[in-house]
Every structure is written in structure tokens, then in C-alpha cells.
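Residue numbers for the sequence shown follow my numbering, so the first one is 611 and each next one is one higher.
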Amino acid sequence: MPIPMEAMDLRENEQPSDFILTQIRTVLEYGDEETPRIDETIMDVSLGQIDEYMKKMQLNQDLPFELTRIRAREIKDEKTFNAVCEHYSIYFVPFDPQLHTKVYFIETADNAVVFTPIELEKGIVNISVELLDKNNTIPEIMDLYMRKGKMRLSDIKFVKLNN
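Below, the structure is given as C-alpha cells:
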């Protein structure tokens, strides 16, 4: 897939974690019909680094919203991956189960957003952040969100509370 001219080299601007936090915060605070989704392409970051950052954000509660819950769901099949890519207008990116592509659901008391990083090429990731809305979110993402089942030990997380 050709890399958009506006792809950001974060070494010149800011850390990927700061950039991701800003995008999530923007959609949580201001997301509505006028700003339904943010799509950006960032460089020099991997899906693994993003996953580690999201885990750290959940543990440390780095968002300015109280009791934020972050859940990750892995995209395990090509059909779901292709539907998600089409929704975000990402084409010619093959499904690679070894990348463990995940969709993150960030929930607060007032809102929930979907954060989806898709690796376009090694070190180049498209990130999309949009409000979670059953009327506008595609069924494949809603299915990941609503997926029920027994919790695994790895699903149990503890958070640091600020006293």
C-alpha cells in the first residue's frame, strides 16, 4: 500500500504514546457527528509497541477520565480483518495472523471509543479512533466488542488507584 504523504515521523514531533493519547482524548472529549473519526498514519512504531502502551495506559489510568476501562480483542480471521480495513479505507494490506492485530475499546463513564491500529508496512501503522456507536460502528467491530465468553486469567487486570 502506498504510504500517504502526510504520514507522520514521530521522532521529529512527539512520542507515539503521546500522539495516540491525544487522538483518543480528542475523540472521547469532542467526538460527535462533526468529528466522527480520526485517521492518521504514523511511522517508526509497531503493533507490539502500541499494545504495550495500551496495557500501560490501562494500568496507570493515563487518560484524564476516571476509571477508564480498556479492552483489547484480537482480529483472528481474514474476513473480519478485511471488513475492518475496508471500513477504514485501507486497501492492499494482507491479513497476517502473526501480527496479532487488535481492536481496543476504551470506555469511560460517558463514552466509549474504538482504537484500531493496522500495520501498513513494517514500522508504519494507520491508527483510527472513533466513537463506539451501535448505529454507526460496523458489525464486525461490534461483534468483537460484544464477544462473550469465560474470562481468561490474562483478561484480569489490576489498576493503580490514585489516593
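We treat Cβ as the ideally placed atom computed from N, Cα and C, and that holds for glycine.
Inspect the beta-carbon positions of residue i and residue j and report whether they are closer than 7 Å.
i           : j           : result
residue 636 : residue 678 : no
residue 750 : residue 693 : yes
residue 657 : residue 729 : yes
residue 713 : residue 754 : yes
residue 638 : residue 746 : no
residue 659 : residue 648 : no
residue 630 : residue 680 : no
residue 774 : residue 650 : The requested residue 774 is not part of the displayed model; the chain covers only 611 to 773.
residue 724 : residue 709 : no
residue 691 : residue 700 : no
residue 705 : residue 688 : yes
residue 733 : residue 654 : yes
residue 748 : residue 697 : yes
What do you get for residue i, buried or exposed, if any count of 16 or more other CB atoms within 10 angstroms of its CB means buried?
i           : result
residue 726 : buried
residue 626 : buried
residue 584 : Not covered by the structure: residue 584. The range shown for the chain is 611 to 773.
residue 668 : buried
residue 756 : exposed
residue 826 : Lying before the first or after the last residue shown, residue 826 is absent from the chain, which here runs from 611 to 773.
From the DSSP secondary-structure annotation, give me the bridge partner or partners of residue i.
i           : result
residue 714 : 682, 725
residue 738 : 649, 726
residue 731 : 734
Are the C-beta of residue i and some C-beta of chain D separated by less than 7 Å?
i           : result
residue 722 : This model lacks chain D altogether; it includes just one protein chain.
With respect to the alpha helix (DSSP H) encompassing residue i, which residues constitute its N-terminal and C-terminal limits?
i           : result
residue 746 : Per DSSP, residue 746 belongs to no alpha helix (DSSP H) and is neither H nor E.
residue 701 : Segment: none, residue 701 is in no alpha helix (DSSP H) and carries neither H nor E.
residue 674 : Neither: residue 674 is in no alpha helix (DSSP H) and is coded neither H nor E.
residue 655 : Counting along the chain, residue 655 falls outside any alpha helix (DSSP H), and DSSP gives it neither H nor E.
residue 626 : 626-640
residue 719 : Careful: residue 719 lies outside any alpha helix (DSSP H) and carries neither H nor E.
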